[in-house]
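Take a look at the structure below.
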Amino acid sequence: MQSELRTNKNWFTDLLRACWGVINFTRNMILNIVFLMILAVILMAFAASQPKPIDIKTNSVLKLAIVGDVVEELTFVDPYDEVVNDALGRNNRAPETLLVDVLETLEYAETDENIQSVLLDLQGLRSAGLSKLQEIGIAINRFKENSGKPVIAYGDYFSQGQYYLASHADKIVLHPMGAIGLDGFGRYRMYYKSALEKLKINSHVFRVGTYKSAVEPYLRDSMSDAAKESNKLWMGQLWDMYKADVTAARQASNVEFVETFDGFLSKFKQVDGDFGQFALQNMWVDELMNHQQFDQFMADQYGSNKKVRYVDNRTYLSYIDNQLSTDTTSANVAIVVAKGTIYDGKRKPGEIGGHSTAELLKKARKDRNVKAVVLRVDSPGGSAFASEIIRNEIEQLKQVGKPVVVSMSSLAASGGYWISASADEIWAAPTTITGSIGIFGMFMTFEDTLSEYLGIHTDGVATTEMAGLSPYRKLDPQMGDVIQLAIEQGYDRFISLVADEREMSKVDVDKVAQGRVWSGQTAYEFGLVDKLGYFQDAINSAASMAELEDYQIKYMRKSLSPMEMFMQELFESYGPTPEVSSVKAGELTDVLQQILSKTSNWTKFNDPMGMYVYCLECGEL
Numbered sequence: 120m121q122s123e124l125r126t127n128k129n130w131f132t133d134l135l136r137a138c139w140g141v142i143n144f145t146r147n148m149i150l151n152i153v154f155l156m157i158l159a160v161i162l163m164a165f166a167a168s169q170p171k172p173i174d175i176k177t178n179s180v181l182k183l184a185i186v187g188d189v190v191e192e193l194t195f196v197d198p199y200d201e202v203v204n205d206a207l208g209r210n211n212r213a214p215e216t217l218l219v220d221v222l223e224t225l226e227y228a229e230t231d232e233n234i235q236s237v238l239l240d241l242q243g244l245r246s247a248g249l250s251k252l253q254e255i256g257i258a259i260n261r262f263k264e265n266s267g268k269p270v271i272a273y274g275d276y277f278s279q280g281q282y283y284l285a286s287h288a289d290k291i292v293l294h295p296m297g298a299i300g301l302d303g304f305g306r307y308r309m310y311y312k313s314a315l316e317k318l319k320i321n322s323h324v325f326r327v328g329t330y331k332s333a334v335e336p337y338l339r340d341s342m343s344d345a346a347k348e349s350n351k352l353w354m355g356q357l358w359d360m361y362k363a364d365v366t367a368a369r370q371a372s373n374v375e376f377v378e379t380f381d382g383f384l385s386k387f388k389q390v391d392g393d394f395g396q397f398a399l400q401n402m403w404v405d406e407l408m409n410h411q412q413f414d415q416f417m418a419d420q421y422g423s424n425k426k427v428r429y430v431d432n433r434t435y436l437s438y439i440d441n442q443l444s445t446d447t448t449s450a451n452v453a454i455v456v457a458k459g460t461i462y463d464g465k466r467k468p469g470e471i472g473g474h475s476t477a478e479l480l481k482k483a484r485k486d487r488n489v490k491a492v493v494l495r496v497d498s499p500g501g502s503a504f505a506s507e508i509i510r511n512e513i514e515q516l517k518q519v520g521k522p523v524v525v526s527m528s529s530l531a532a533s534g535g536y537w538i539s540a541s542a543d544e545i546w547a548a549p550t551t552i553t554g555s556i557g558i559f560g561m562f563m564t565f566e567d568t569l570s571e572y573l574g575i576h577t578d579g580v581a582t583t584e585m586a587g588l589s590p591y592r593k594l595d596p597q598m599g600d601v602i603q604l605a606i607e608q609g610y611d612r613f614i615s616l617v618a619d620e621r622e623m624s625k626v627d628v629d630k631v632a633q634g635r636v637w638s639g640q641t642a643y644e645f646g647l648v649d650k651l652g653y654f655q656d657a658i659n660s661a662a663s664m665a666e667l668e669d670y671q672i673k674y675m676r677k678s679l680s681p682m683e684m685f686m687q688e689l690f691e692s693y694g695p696t697p698e699v700s701s702v703k704a705g706e707l708t709d710v711l712q713q714i715l716s717k718t719s720n721w722t723k724f725n726d727p728m729g730m731y732v733y734c735l736e737c738g739e740l
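Going by the numbering used here, the letters in the sequence shown line up with residues 120 to 740, in that order.
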C-alpha cells in the first residue's frame, strides 16, 4: 500500500515538474521574444535617426500643410502616455505646427530652384493668433515678390484663420459645395454665479482693477459693462486689421465683408443659397473646382508628363536641415520661448515654469557665445511669483551687458507683460493682445455644501486665530482683509514696476492698467511697448544692440532626461501621426468638456501666495 502511495506521489511530483518546466520555458520564450522585439525597435530607431539624403526633384510643388495649432513651442507629451493612448484609440491630442518651421520653409523655398510653386493646404489648420497669421502672410508675400513663383490655395472649406492665409495666394480655389466662414471675432463665456449658489459654494475673490474680469464668471451671471467695453474695443481693432489685410492681399477694393444678417440674407438669396457662388460673388475666391478638376488644373500648370511632383513641408524641412550647417563658434542671438500659462516651479516644454524658464535665461547669460537674448512671449500670464522669478533673471542678463529684447507673439498679457517689462526693448505686433495689468486672488470654500448636502461639519482648536485656513471652513472676514491688502500691494508693485521700466508715472500707468486689455497698436500709443513689428524684427534689433553683423540663432531649450529624449525620438519615428478629427462630440458632451476644461485651469495654479496676474479672455483666444 505504501509503495502504491509512493508511486502515485512520484507521478504527481513528476507531473508538477513537467508543468513547471513548460511554464518556465514559455515564460522565458515570451520574455526573449519581447526583448528581441524591443531590441529590434531600438536598432530600427537608431537606423532611422541617421540622416538620409533627400532629393528634391526639379519643378516640384511645395505642398505647405499647416496642421493643428500654430505655436511658438511644441507642447511636451509623455511618450509613454502617447503610446498607451494610441493603443487604446483615445489619442485626441491636437497636432501642432511650429511657426518658425513655416517661416523657414518659405524662406528657403524662395531661392530653391527645384521649387516652382507653393500649394497652401490649410484644411488641417485649427487655430492661430492673428499676429502669427500676419507673420506667415508676410512670409508668403515675401516669397512671391522675391521669387516670382506662384502660390495657390485650395480647400473644401476655409475657416476665418485659414482664409486669412489663403487670401495671400495668387489664386484661391474653392470646392463648388464648399464655404468660407468670415464671422468676425466674438467673445462669449459661461458664468457660474447661480450654479455656485445652488451648490452652496462660497467664492472668495480679491482683485484690483476695474477691468480685471478674469474672475467675473464666479461672481456674476453676465459680463460686466466694463468688460464689454474693453473686449469690444480690442476685438474691433483686430477685426478692422483682419479686413484691411485681406483686402490688401486680394488686391481688390471690392472684396465685401458681410456683417449683418440682413445683408447676408439679401446676398445669399441672389445666389439661391449656394455658398460656393456666394464666395465667388463677394470676390473671396477666384474659381470653383472639385477635386478632380483641381488635380487636372495643377497637372496642366505644374505637371511633368501630366504628373505633379509634390513635396510636403515635413520632408522639405528635413531637406533644409541636411543642407544647412550650424557654426557653433560664432556669436549667437539666443532665443528663449515663454509660451503658455505661467506656473511656479519647473515645467516641460510648451508651458512656462518660473524656475525652468529662468534657468534657460541663466543658461544664455553664462554662455560666452551668446551676445544678446530675444524673449519670445506668448502667454496670458499666471503666477505672480513665478513671473517675478523670470523677470529677475532678465535683470541679471542686462547687468552682464547682454541686451534683452522681448518679441510679443499673439499674447503677452498680465504675467506675460510682467516678464516683458524689464527688457531693453519690447516689440509687439499691431494685433498682439497685451496689457491686462492687474492682479487677483481667488479660492472657494465648501463649508455650506458639506453641511447642507452631506451633513459634514468641521471643528477644532488652534493656537492662533490665523491657523486652520481651509476650504472646508468659513473664511474669517479679517483674513479676507489681509488677503485683499496683499493683493493691493501686489498691484502697486506691478504698476510701480511698469512705471520704472517704461519711464512713466504711476498715475499714467494706473490709467492704462486696471486689468484692461489692449491691442499691440494701442499699447504702442500708450508707451507700453517700444516698437511695432514681428519676430525677425526683434531678432535684428537684438543683434544690432549687441553690434553683431554675422550671427547665428540659438534656441535655448528645456532639457529632457536621456530616457525622455530617447523615447520621444523613438515614438516620433514610429508612432502614428496625429490626425485632425472632423467629427465633433455630441452637444451635451461638448458643453461638459468646455466646463471641465475651464474649471480645471484653476486647479493647476500654484502660486505660493495665491496671487495671479492672468488674462482669462486672452487665454481662451
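Glycine is no exception: its CB is placed at the ideal position from the N, C-alpha and C atoms.
Predicted model only: the values in this text are computed from it and were never measured.
- Taking each of A505, A642, Q633, G599 in turn and checking the Cα distance to I545, the smallest one comes out for A642.
- Around the beta carbon of Q633, 16 or more other beta carbons sit within 10 angstroms, so the residue counts as buried.
- For D188, the pairing in a beta bridge is given by DSSP as E215, S246.
- Ranked by Cα distance from E478, the options V452, N511, I257, S502 are led by N511.
- Less than 9 angstroms separates the beta-carbon of V189 from that of L252.
- D231 is classed as buried because its beta carbon has at least 16 other beta carbons within 10 Å across all chains shown.
- E406 carries a strand assignment under DSSP once its states are collapsed to helix, strand and coil.
- Under the 8 angstroms Cβ criterion, the segment 293-306 does not count as touching the segment 536-550, having fewer than three qualifying pairs.
- Bounds of the alpha helix (DSSP H) holding E620 are 596-621.
- A Cβ-Cβ separation of about 5 angstroms places G534 in contact with I461 under the 8 angstroms criterion.
- If the five residues before and after A665 are omitted, its C-beta is found closer than 8 angstroms to the C-beta atoms of A450, V452, K490, A491, K521, P522, all from its own chain and listed in chain order.
- Rounded to whole angstroms, the Cβ separation of V732 and S528 is 18 angstroms, and the two are not in contact under 8 angstroms.
- Counting along the chain, the unbroken beta strand (DSSP E) around N451 starts and ends at 451-458.
- Judged by their CB atoms, K465 and G459 are not nearer to each other than the 9 angstroms cut-off.
- For H474, the uninterrupted alpha helix (DSSP H) segment begins and ends at 473-485.
- Annotated three-state conformation of N488 is coil, per DSSP.
- Boundaries of the alpha helix (DSSP H) harbouring R433: 432-442, taken from the DSSP string.
- Secondary structure at T568: helix, using DSSP grouped into helix, strand and coil.
- Its Cα nearest to that of V636, the residue G328 stands out among D578, G328, T582, I149.
- Setting aside the 5 residues that flank it on each side, D302 is surrounded in the same chain by Q279, each with a C-beta closer than 7 angstroms to its C-beta; the list follows chain order.
- For L573, the three-state secondary structure derived from DSSP is helix.
- Minimum Cα-Cα distance from D275 among the listed residues Q411, A345, L352, M402 corresponds to Q411.
- Note that the segment 373-388 does not touch the segment 256-263; fewer than 3 beta-carbon pairs, one per stretch, sit closer than 8 angstroms.
- If you draw a straight line from the Cα of Q603 to the Cα of M309, it is about 26 angstroms long.
- In the three-state scheme derived from DSSP, where H, G and I count as helix and E and B as strand, Y361 is classed as helix.
- Below 8 angstroms, enough C-beta pairs join the segment 338-356 and the segment 309-327 to call them touching: three or more.
- According to the DSSP assignment, D381 belongs to no beta strand (DSSP E) but to the alpha helix (DSSP H) extending over 380-389.
- Per DSSP, the continuous beta strand (DSSP E) segment holding G501 begins and ends at 500-502.
- Residue A368 holds the alpha-carbon nearest to the alpha-carbon of D289 among V219, A368, Q608, M730.
- Taking the Cα of Y438 as reference, the smallest distance to any Cα among G248, T224, S332 is reached at T224.
- Here the alpha carbons of G587 and L222 stand approximately 54 angstroms from one another.
- In the structure shown, R592 falls within a coil segment according to DSSP collapsed to helix, strand and coil.
- A buried status is given to Q640, since no fewer than 16 other beta-carbon atoms sit within 10 Å of its beta-carbon.
- F562 and Y330 have their C-alpha atoms roughly 20 angstroms apart.
- Per DSSP, T366 has no beta bridge partner at all.
- Between Y273 and M408, the C-beta gap is smaller than 9 angstroms, which places the two residues in contact.
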